[in-house]
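One line per chain: the protein sequences are Y and G, in this order. By the working numbering, the letter at position 208 of the first sequence is numbered 208, and the numbering carries on one by one without gaps. By the working numbering, the letter at position 220 of the second sequence is numbered 1220, and the numbering carries on one by one without gaps. Glycine included, each C-beta is placed from N, C-alpha and C at the ideal position. Since this is a predicted model, take the numbers as computed values, not measurements.
Number of protein chains: 2
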Amino acid sequence: MYEGAAPEELPLFRGLPASRRTDLLRNAMVHSVSPGTVLFEQGDVPNFQLIVLTGSAQLFGRSAEGREVLIEAVRAPDLIIPAAVLTGAPYLMQARVPEPSRFLLIHAAVLRAAVDADPLLAHAVIGSLAHQFRRMVRQIKNLKLRTATQRVGCYLLALSKRQGTPDRAVLPFEKTLIASELGITRESFSRALSSLAQSGIRVDGQTIAILDAPRLAAECTPDPLIDGADAEDFAI
Amino acid sequence: MYEGAAPEELPLFRGLPASRRTDLLRNAMVHSVSPGTVLFEQGDVPNFQLIVLTGSAQLFGRSAEGREVLIEAVRAPDLIIPAAVLTGAPYLMQARVPEPSRFLLIHAAVLRAAVDADPLLAHAVIGSLAHQFRRMVRQIKNLKLRTATQRVGCYLLALSKRQGTPDRAVLPFEKTLIASELGITRESFSRALSSLAQSGIRVDGQTIAILDAPRLAAECTPDPLIDGADAEDFAI
DNA sequence: GCGCAGCATTGATCCAAATCAATGCATGGC
DNA sequence: GCCATGCATTGATTTGGATCAATGCTGCGC
């Protein structure tokens, strides 16, 4: 598990010759950011590759009509949308900061040059991109193949597994946000939680007790090819 | 526009030293495949990187209950899910071939080694991965932010633009498949097309006439950050 | 303490889309 | 020619989830 907040210790830089690492860091900055900050807007052309050192960022998609949904959360120590930065294409999402966080900023051009010059760095970037691609595919399968209640149930099961507590799950942010991540309204999320009480869960604020995981699983048919978090054996 | 079917001319190999290219191709194979063939199942561990030389492949997601939806189509000259091949993680989708097609097969291990050794190849792979990631993000925004009818209308507009015929769009495959790509049933797709007649479209088999593009656009509010196909200025 | 703001729940209603069911319309095999 | 098969359309009905509206709860500022 990654715990460090020092830029030098980023998995991205693992195995890099020290000279290249200092090279990259010489032109980089660390930004400490308070909750509520918008890192960039959708449509912006990336100037920097942002990398989460501590805390997290949330990526939102907005429609022309102004509706806004959470697409995903990026946690330390990952890159924030390298797909946009490396191609120079405009961001498809807005990034906001939900908690006090620190980011490493590397000039986009500098990173591109370094990736082109250094196979190890390229390898790490490929790992991050691939991982993020797979998360999007999982989310699409989740949206297209399951009902709202199934999504909620599987979300809880995945959460409890990720948190190492088989008998409960602690919601990582407001229910309204989780609802939009799951592609439903907050009201429907609330009702889904109520109806899953029949399947052995109990809601207490942000904590959901899972009294009978097998029964819950029977109701929502979790699937490792949708809910699984890839084993992170590929260097990021 | 890419037209070639010869492996040596793949954009993936552009700029590569001839020695490296022949190196990769020495261990590669070309498969000619007939419609209906399943290239791999979801859950399989990738052995080869498949690359579309001519024709296309369709990627399907399946639920535990057996429901199946089209996630996306991959057309020449792109890589088929490099995210799985390069990480060695199991495929999240099944790949099927809808038309006579030819594929280049490169051993996964060989490709990984080559990518680690060759910055230009790595650059091309990064471009493909980034592009595919962005397509998935667009699809998620499409699913979460729009109604079924809006998705259908924007799909038609994007199609007509891509085909260079502002006054019509020709559906690239069966309506049932397109419906599942758009996350709706075939019945709903049919009804959406009917109701869009009010917005100036006419359906004739696989061809949809667009009599009044501005009016159609007004109904579905297309958005380049959802419907746009990235400019392909980044080498694939 | 009080009152306010923001999030969450609950209820009532509406609506979009799914489902169920029947029919139409091609295409291909024999 | 005819019938089977698969895709598409259309209609009737149901339903999952959205929307609208009211209320509750909690923490916070003053």
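Going by DSSP, residue 1178 of chain G is part of no beta strand (DSSP E) but of the alpha helix (DSSP H) stretching over 1175-1181. Our two residues, residue 1084 of chain G and residue 225 of chain Y, have alpha carbons roughly 12 Å apart in a direct line.
Taking 8 Å as the upper bound on Cβ-Cβ separation, chain Y lies near no residue of the segment 1152-1164 of chain G.
The CB of residue 1140 of chain G comes closer than 8 Å to the CB of 61, 71, 136, 139, 140 and 143 in chain Y, given here in chain order.
Secondary structure of residue 150 of chain Y (DSSP, three-state): helix. Shown here, residue 23 of chain Y sits in a helix according to DSSP, grouped into three states.
If you look at residue 68 of chain Y, you'll find it in the beta strand (DSSP E) that goes 68-75.
Under the three-state reduction of DSSP, residue 1029 of chain G is assigned to strand. Taking a cut-off of 8 Å on C-beta distances, the segment 1093-1103 of chain G touches the segment 1056-1064 of chain G, as three or more cross pairs fall below it. The segment 160-169 of chain Y and the segment 113-123 of chain Y do not touch, with fewer than 3 CB-CB distances between them shorter than 8 Å. Bounds of the beta strand (DSSP E) holding residue 1061 of chain G are 1056-1062. If you draw a straight line from the Cα of residue 1037 of chain G to the Cα of residue 1013 of chain G, it is about 27 Å long. In this structure, residue 1139 of chain G lies away from residue 51 of chain Y, with their beta-carbon atoms at least 7 Å apart. Taken atom to atom, the span from the alpha-carbon of residue 1079 of chain G to that of residue 101 of chain Y is near 36 Å. By the criterion of at least three beta-carbon pairs nearer than 8 Å, the segment 1023-1038 of chain G is not in contact with the segment 1066-1079 of chain G.
Listed in chain order, the positions of the segment 1013-1034 of chain G with a beta carbon within less than 7 Å of a beta carbon of chain Y would be empty, since no residue qualifies. Not flagged as an interface residue toward chain Y: residue 1191 of chain G, since no C-beta distance is shorter than 7 Å. With respect to chain Y, the C-beta atom of residue 1126 of chain G has a partner C-beta closer than 7 Å.
Excluding its 5 nearest sequence neighbours in each direction, residue 150 of chain Y has C-beta neighbours in its own chain below 8 Å: 219, 220 and 221, listed in chain order. Rounded to whole angstroms, the Cβ separation of residue 1188 of chain G and residue 1148 of chain G is 6 Å, and the two are in contact under 8 Å.
Apart from sequence neighbours up to five positions away, the residues of its chain that approach residue 199 of chain Y with a beta-carbon distance below 6 Å are 215, 216 and 219, ordered along the chain. A residue is called buried once 16 or more other Cβ atoms fall within 10 Å of its Cβ, and residue 132 of chain Y is buried on that count. DSSP places residue 132 of chain Y in the helix class (H, G or I) of the three-state scheme. Membership of residue 1013 of chain G in any alpha helix (DSSP H) is not indicated, and neither H nor E is assigned to it by DSSP. Secondary structure of residue 44 of chain Y (DSSP, three-state): coil. In the three-state reduction of the DSSP assignment, residue 51 of chain Y falls in the strand class.
Annotation: the continuous beta strand (DSSP E) that includes residue 203 of chain Y extends over 201-204. When the alpha-carbon of residue 45 of chain Y is set against those of Y/159, Y/90 and Y/6, the nearest one is in Y/90.
For residue 115 of chain Y, the uninterrupted alpha helix (DSSP H) run begins and ends at 108-117, by DSSP. Contact annotation: residue 1104 of chain G and residue 1005 of chain G have beta-carbon atoms that are not nearer than 7 Å. Taking a Cβ-Cβ threshold of 7 Å, the residues of chain G close to residue 119 of chain Y are 1116, 1117, 1119 and 1122, in chain order. Look at residue 1039 of chain G here: in three-state DSSP terms it is strand. Residue 227 of chain Y and residue 1064 of chain G do not touch by the CB rule: their CB atoms are close to 11 Å apart, not below 8 Å. The DSSP-derived three-state label of residue 1157 of chain G is helix. One alpha carbon belongs to residue 212 of chain Y, the other to residue 142 of chain Y, and they sit about 22 Å apart. Sixteen is the threshold: since fewer than 16 other Cβ atoms of the shown chains lie within 10 Å of the Cβ of residue 67 of chain Y, the residue is exposed.
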